[in-house]
Amino acid sequence: MRGIALGALVVGAGLLMAGSAVAADLYVPVPEEVAMPESTPWSGCYVGLPVSWTTGDTPSTAPLSDYSSPLEGFPVGLQAGCDFKTDASSPLLLGIVTDVFGNGPSGESDPIEDVAPGIDAFSDSSIPWFGTLRGRVGLSTDSTLFYLTAGVAVAQVENNVSTTTFPGGETVSNTHVGWVAGAGVEQMIDENWALFAEYAYYDLGAQDYSYSAPLTVGTLELHPTFHQIKVGVNYHF
Numbered sequence: 061m062r063g064i065a066l067g068a069l070v071v072g073a074g075l076l077m078a079g080s081a082v083a084a085d086l087y088v089p090v091p092e093e094v095a096m097p098e099s100t101p102w103s104g105c106y107v108g109l110p111v112s113w114t115t116g117d118t119p120s121t122a123p124l125s126d127y128s129s130p131l132e133g134f135p136v137g138l139q140a141g142c143d144f145k146t147d148a149s150s151p152l153l154l155g156i157v158t159d160v161f162g163n164g165p166s167g168e169s170d171p172i173e174d175v176a177p178g179i180d181a182f183s184d185s186s187i188p189w190f191g192t193l194r195g196r197v198g199l200s201t202d203s204t205l206f207y208l209t210a211g212v213a214v215a216q217v218e219n220n221v222s223t224t225t226f227p228g229g230e231t232v233s234n235t236h237v238g239w240v241a242g243a244g245v246e247q248m249i250d251e252n253w254a255l256f257a258e259y260a261y262y263d264l265g266a267q268d269y270s271y272s273a274p275l276t277v278g279t280l281e282l283h284p285t286f287h288q289i290k291v292g293v294n295y296h297f
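Right under this line is the structure:
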């Protein structure tokens, strides 16, 4: 009887050890959780405050083709835009931005001599406001964006012409539609705020400016162009 009991114990112990081995073979470890990369801050919309320095000129192509009025100033504006990533893991970014500036550039030409016998003329140009609607394409890192931008530019241009015989002169205003292109860099400084710097070239296209008979200059064709360097801050949300 004791032999039977002892045998049963030995068999039971063997079965228990075998079961433990099989259970060990069937164990599948739980894989460690893979950390997903943090998303970059560049997908979304923003508003910004740019300040700038501009320089250029407003040449006349007819009939006073030998002069131009300089353009220089420090416009201040507002801008807003939205960007999106083409793929979460790609550095490529596409976006659209619009801005508007006041206190645009202005300047006065040198005297235009002998527009008529014994009569000199004087001309000055100013751009009270201008704005753009642009696309932009860039390459981004976690905190830095390098981009190119181009689009449509619209501006109000005022040109005053006076002469030695008509010192008060006459001011004519036109709306110009042209193009703008440039490049820039933007740097995030915290979760929402970013600093940026950008260069842009504006070609506002040509428009006719017609003056009354006392000015003796008739119709001028003016074609303003200027360079703009701007810096500012954007708030991303």
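Residues in the sequence shown are numbered from 61 upward in steps of one, following this note's numbering.
The beta carbon of each residue, even a glycine, is placed where N, CA and C say it ideally should be.
Keep in mind it's a predicted model, so treat the numbers as computed, not measured.
- Beta-bridge partners assigned by DSSP to Ala241: Ala210 and Tyr261.
- Our two residues, Ser183 and Ile156, have alpha carbons roughly 37 Å apart in a direct line.
- Excluding its 5 nearest sequence neighbours in each direction, Gly238 has C-beta neighbours in its own chain below 7 Å: Ala213, Tyr262, Asp263, Leu264 and Gly265, listed in chain order.
- Between the alpha carbons of Val293 and Tyr207 lies a gap of roughly 16 Å.
- Per DSSP, Asp250 lies in no beta strand (DSSP E) and is assigned neither H nor E.
- DSSP places Pro110 in the uninterrupted beta strand (DSSP E) bounded by Gly104 to Pro119.
- A straight-line Cα-Cα distance of about 23 Å links Val107 and Gly133.
- Beta-bridge partners of Leu193 (DSSP): Thr158 and Val212.
- When only Cα atoms are considered, Ser272 and Gly278 end up about 7 Å apart.
- Excluding the 5 residues flanking it on each side, Leu275 has same chain C-beta neighbours closer than 8 Å at Ala181, Val221, Ser222, Thr223, Phe226, Gly229 and Glu230, in chain order.
- Thr114 has its alpha-carbon roughly 9 Å from the corresponding atom of Ala260.
- Burial state of Trp102 is buried, judged by a 10 Å Cβ sphere holding 16 or more other Cβ atoms.
- Taking 8 Å as the cut-off, the beta carbon of Gly195 is found closer than this to the beta carbon of Thr209.
- CA-to-CA, the gap between Thr146 and Ser233 works out to about 43 Å.
- Taking 8 Å as the upper bound for CB-CB distance, Ser120 and Ser128 are in contact here, some 7 Å apart.
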